[in-house]
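Since the structure comes first, as structure tokens, the remarks are kept for the end.
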Amino acid sequence: MAVTTTAPPLFPRKLAIALLALLACSFAANHVAARIAFDDGTGVLLAILCRSGITFLVLACLLLWQRQALGLPSGTRRWQLLLGLLIATQSLCLYSAVARIPVALALLVGNTFPMLLALLTWALGGARPTGRTVLFMGLILCGLVLALDVPARLADGGEANPHWALGVSLAFGAACAFACGLWITDHKLAEVRGPVRSLLTLLVVFSSMLVAGASGVMPAGLSPPSSPGGWAALASLVVLYGVAFTLLFVCVPRLNMAQNAPVMNVEPIATLLLGWALLDQQLGGLQLLGGAVVVCGIVLLTYRRAS
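Below you can see the structure in the form of structure tokens.
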């Protein structure tokens, strides 16, 4: 007898939006906890290693419980490996940026990936961005200039924060890596089931951090926290990321992401509030205005891509 499968019913829109906002806040808190851990001497590689390893184990248990096959379609293995390496790069760059500049600024720059994805898709033969899309991109760039306080940074020559330029560059590198990963997901791994893709991506991220740590390419990359507070922050980032990623993984079929995904862009706003409350990281009035412009531009651009 043939077995018919039906898609799970969608959550009511208010519930889906509330859940996505909660997940975005959890991801934001993960980055704030990471900054606390880094300030206590925790190595970036150790943080990513713990985060990806624990989340991988949780997802592996879920897939085993669901008895899902882990096979990959022919011709997709190298693309799956490349996707994992890109996400590993994105994680490394973003956490390294969080360790150097205010967390909210790192997230604002890192969340420009929709703009980069639109440009990458066009460059690789996809649809040319529409006039409205270009307008939104320009809006995002103008907002970033204000949020990063570029004129003041150029005037002081980086004396106020010598790591500012490197931190911004790392956050932008994270956005580029994530945009490339999304393009591969859409164009090369469409036949791979989402659960398998997520699990194998986490495995590659974990393995990459393990190899990087063993090779000594980052001498302090596996440094443990130096105090109980640092260990608590490390445990918090693992739990926050793991719970958010797992819930998103489990609930995504019922969240109507095509319509509701822009809600996730509250993450930089939540990061700003948490950074102010827990890290005393304050931004000026123009920076706050720029951050609001960036978030609005990203939301508009995302809605445009989903339409």
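Per mature numbering (1 follows the signal peptide of the UniProt record, and there is no 0), the sequence shown runs over residues -33 to -1, 1 to 274. Think of the CB as a built atom: it goes at the ideal place given N, C-alpha and C, for glycine as much as any other residue. Because the structure is a prediction, the values reported are computed rather than measured.
ask   = In terms of residues, what are the limits of the alpha helix (DSSP H) holding residue 360?
value = For the chain, the structure presents residues -33 to 274; residue 360 sits outside this window and is missing.
message = Taking 8 Å as the threshold (C-beta atoms), are G134 and I68 in contact?
response = Their beta carbons are under 8 Å apart, which means I68 touches G134 by this criterion.
query = Once you ignore the five residues that flank P220 on each side, which residues in its own chain have a CB closer than 6 Å to its CB?
reply = The residues are P(-26).
inquiry  = Could you tell me the alpha carbon to alpha carbon distance between L177 and L59, rounded to whole angstroms?
reply    = Cα to Cα, the separation comes out at about 12 Å.
inquiry  = With H, G and I counted as helix, E and B as strand and the rest as coil, what does DSSP make of residue 283?
reply    = Nothing can be reported for residue 283, as the shown portion of the chain is limited to -33 through 274.
key: Through-space distance from F173 to V205, alpha-carbon basis   = The alpha-carbon separation between V205 and F173 amounts to approximately 13 Å.
inquiry  = Here's the rule: buried if 16 or more other CB atoms are within 10 angstroms of the residue's CB, otherwise exposed. What is C154?
reply    = Strictly speaking, residue 154 in this sequence is His, with Cys absent from that position. The residue is exposed, with fewer than 16 neighbouring Cβ atoms inside 10 Å.
message = Using 8 Å for Cβ pairs, my map puts L(-14) next to V261. What's the rounded Cβ distance?
response = About 19 Å separates the CB atoms of L(-14) and V261; that is not less than 8 Å, and the two are not in contact.
query = What do you reckon, are the CB atoms on T238 and V(-2) nearer than 8 Å?
reply = One thing to note: T238 has its Cβ within 8 Å of the Cβ of V(-2).
message = Suppose you measure from the CA of T22 to the CA of S63; what does that come to, to the nearest Å?
response = T22 and S63: Cα-Cα distance of roughly 20 Å.
inquiry  = Distance check for L255 and A244, CA to CA, integer angstroms please.
reply    = Rounded to the nearest angstrom, the two C-alpha atoms are 15 Å apart.
inquiry  = Which complete alpha helix (DSSP H) runs does the region 229 to 258 hold, if anything under 4 residues is left out?
reply    = Segments of the alpha helix (DSSP H) lying fully in the region 229 to 258: 234 to 246.
inquiry  = Can you tell me whether Q35 is helix, strand or coil according to DSSP?
reply    = Judged by DSSP in its simplified three-state form, Q35 adopts coil rather than helix or strand.
message = Can you find the residues in the same chain that come closer than 7 Å, C-beta to C-beta, to D7, ignoring five residues on each side of it along the sequence?
response = Once the five neighbours on either side are set aside, the close Cβ partners of D7 are P192, S193, S194, G196, G197, A200.
key: DSSP state of L156 mapped onto helix, strand, coil   = Secondary structure of L156 (DSSP, three-state): coil.
inquiry  = Quick check on the burial criterion: 16 or more other C-beta atoms within 10 angstroms. Buried or exposed for A(-32)?
reply    = The pLDDT assigned to A(-32) is 40, lower than 50, so where the model puts this residue is not dependable, and the model offers no usable value.
message = Out of W89, L207, L241, V163, which one is the CA nearest neighbour of C28?
response = Closest in C-alpha terms to C28, from the list W89, L207, L241, V163, comes V163.
message = Across the region 112 to 122 and the region 43 to 52, are there enough close Cβ pairs to call them in contact, namely three or more that are closer than 8 Å?
response = Contact between the region 112 to 122 and the region 43 to 52 is absent, with fewer than three C-beta pairs closer than 8 Å.
request  = Measure from the alpha carbon of I(-17) to the alpha carbon of each residue in L39, S182, Q226, then state which is nearest.
outcome  = For the residues L39, S182, Q226, the minimum Cα distance to I(-17) belongs to Q226.
key: Nearest candidate by alpha-carbon position, reference A157, set G242, V101, G42, Q248   = Here the closest residue by C-alpha is G42.
query = In the structure shown, what three-state DSSP assignment does T79 receive?
reply = T79 falls in the coil class under three-state DSSP.
query = With a CB to CB cut of under 8 Å and the five nearest residues on each side skipped, what residues in its chain are close to T(-30)?
reply = Only weak support is given to the placement of T(-30): the predicted model assigns it a pLDDT of 44, under 50, and the value that follows is read from those uncertain coordinates. The same chain holds no residue with a CB closer than 8 Å to that of T(-30) once the five nearest residues on each side in sequence are set aside.
task = From the DSSP output, in three-state form, read off M176 for me.
result = In the structure shown, M176 sits in a helix (DSSP, three-state: H, G or I).
query = Since A(-6) contacts L241 with CB under 8 Å, what's their CB separation in whole angstroms?
reply = Sure, about 6 Å apart at Cβ, within 8 Å.
request  = With R99 as the anchor, note down where its alpha helix (DSSP H) starts and where it stops.
outcome  = Boundaries of the alpha helix (DSSP H) harbouring R99: 98 to 114, taken from the DSSP string.
ask   = Thinking just about the alpha-carbon of each residue, which of L108, L30, R160 is nearest to the one in T79?
value = The shortest Cα separation from T79 among L108, L30, R160 belongs to L108.
ask   = How is N227 classed by DSSP in three states: helix, strand or coil?
value = Reduced to three states, the DSSP call for N227 is helix.
inquiry  = Cutting at 8 Å between CB atoms, please list the residues of its own chain near R160, excluding the five before and the five after it.
reply    = The residues are Q35.
query = Any idea what DSSP makes of P(-25), helix, strand or coil?
reply = Three-state result, P(-25): coil.
Cβ neighbours of L169 in the same chain (closer than 7 Å, five flanking residues each side left out) = Only S19, T22, F23, L26 meet the Cβ criterion.
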